[in-house]
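*Asks:* Below is the structure I would like to discuss, written out as C-alpha cells.
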Amino acid sequence: MLECKSLGKIYHVDGNDVHALSDINITLPTGSFTVLVGPSGCGKTTLLRAFAGLIEPTTGSIHRDIPPCSVISPSLQIGYVFQEPRLMPWLTVSQNIGFGLKNKTSKQDLNRRVADVLSMMGLERFAQARPDQLSGGMASRVGLARALVGNPDLLLLDEPFAALDAMTRRRLQGELTTIWMARKPTVVFVTHDVEEAVLLGDVVYRMHAGLITERYD
Ligand code: ADP
Ligand code: ADP
C-alpha cells in the first residue's frame, strides 16, 4: 500500500509561500485504482509527483510499501504518464518505449517486453515510426506503453487523456481499465473531469486548494 500522513508541500514563489498541499492523509491499497479530481491548481500534480518521489514534501511522510512484482529491479517500479506524451522525436516508437529500460536488462528481454506492450496497445504497425508521424491518440498510447513496459507496481497518470477527442479518450479509458484488471498495479489517475473520475476510479478523492475535501467509494 501507499500511505501518506500529514503531507504538505509549500512552494516559494517570489518571496511568497504557495501552499500546494495541506495535511493530506490517504492510504491507497495495493492494486487499487484511485482518482484525484479537482480544478486546475488544486494540487493534483504535486501530490502525484510526491507519490513518484519526484518532489520532496515540506511536511509529513509517504510510505510506499507495495510488494515489488518486477523482475527488472528489486526496488519499486514506477510508471509515470504525462498529459503530453513527451516522446523523443529522434527515436522510433520502439526506442521511445524501451529507452528507460536500456542497460537495465538484456537486449533480448528488452525486445520481448517492447514487443509485448506494442501488441497490447495495438501499436505494432507503428514500431518503427517517428513520433511526428503519430496521431494524438497513438502518441498517447506510446506514452502509456512506455510507462507499462517495466511492468510497474505503481502507475501514476497525470491527465493522460485530456488532450484527446472524446472517442479516442473513451477507447483509451477502456483499455486502461482492462490493463489494470489484468495486471493490478496500484494506479493513481489525475483528472479535472468529474465524469472521467467516476468512470475510472474505484476510489475517487476530490481536491480543492491543496486539501482532500471528499472521498467517494
Ligand atoms: P494541479 O495539478 O491540480 O493543477 P498543481 O499541483 O500543478 O495543481 O499546482 C498546485 C499549486 O502549486 C498551484 O498554485 C501551482 O501554481 C503551484 N505550483 C505547482 N508547481 C509549482 C512549482 N514547481 N513552483 C511553484 N509553484 C508551483
Ligand atoms: P498541470 O497542467 O499539470 O497543472 P501546469 O501547466 O500548471 O501543469 O504546470 C506546468 C509546470 O510548471 C509544472 O512543472 C509545474 O510544477 C510548474 N508550475 C506550475 N505553477 C507554477 C508556478 N506558479 N511557478 C513555477 N512553476 C510552476
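Under this note's numbering, the final residue of the sequence shown carries the number 931; numbering is consecutive throughout.
Beta carbons: idealized from backbone N, C-alpha and C, even for Gly.
Remember, it's a predicted structure, so these values are computed and weren't measured experimentally.
Are there any heavy atoms of ligand 1 lying less than 6 Å away from the beta-carbon of residue 919, as far as the coordinates show?
*Replies:* Flag unset: Cβ of residue 919 not near ligand 1.
*Asks:* Smallest Cα separation from residue 721: which of 775, 750, 766?
*Replies:* That would be 775, whose Cα lies nearest to the Cα of residue 721.
*Asks:* Please return the same chain residues whose Cβ sits closer than 6 Å to the Cβ of residue 784, not counting the five positions on each side in sequence.
*Replies:* For residue 784, the predicted structure reports a pLDDT of 49, less than 50, and the residue's modelled location is therefore unreliable. A value from the coordinates is still provided. Once the five neighbours on either side are set aside, the close Cβ partners of residue 784 are 791, 865.
*Asks:* Out of curiosity, what's the CA-to-CA distance linking residue 922 and residue 904?
*Replies:* Distance between the alpha carbons of residue 922 and residue 904 is about 13 Å.
*Asks:* Can you tell me whether residue 867 is buried or exposed? The criterion is at least 16 other CB atoms within 10 Å of its CB, across all chains shown.
*Replies:* Buried, because 16 or more other Cβ atoms sit within 10 Å of the Cβ of residue 867.
*Asks:* Skipping 5 residues on each side, what residues in its chain have a beta carbon closer than 6 Å to that of residue 883?
*Replies:* Result list for residue 883: 875, in chain order.
*Asks:* Between which two residues does the alpha helix (DSSP H) holding residue 738 run?
*Replies:* Here residue 738 belongs to no alpha helix (DSSP H); instead the beta strand (DSSP E) covers 730-742.
*Asks:* Quick one: is residue 929 buried, meaning 16 or more other Cβ sit within 10 Å of its Cβ, or exposed?
*Replies:* By the 10 Å Cβ count, residue 929 comes out exposed.
*Asks:* Does at least one heavy atom of ligand 1 sit under 6 Å from the Cβ of residue 760?
*Replies:* Residue 760: yes, Cβ under 6 Å from ligand 1.
*Asks:* Out of 926, 916, 769, point me to the one whose CA is closest to residue 744's CA.
*Replies:* The shortest Cα separation from residue 744 among 926, 916, 769 belongs to 916.
*Asks:* For residue 742, which residues in the same chain have their Cβ closer than 7 Å to its Cβ, ignoring the five residues on either side in sequence?
*Replies:* 715, 716, 748, 900, 902.
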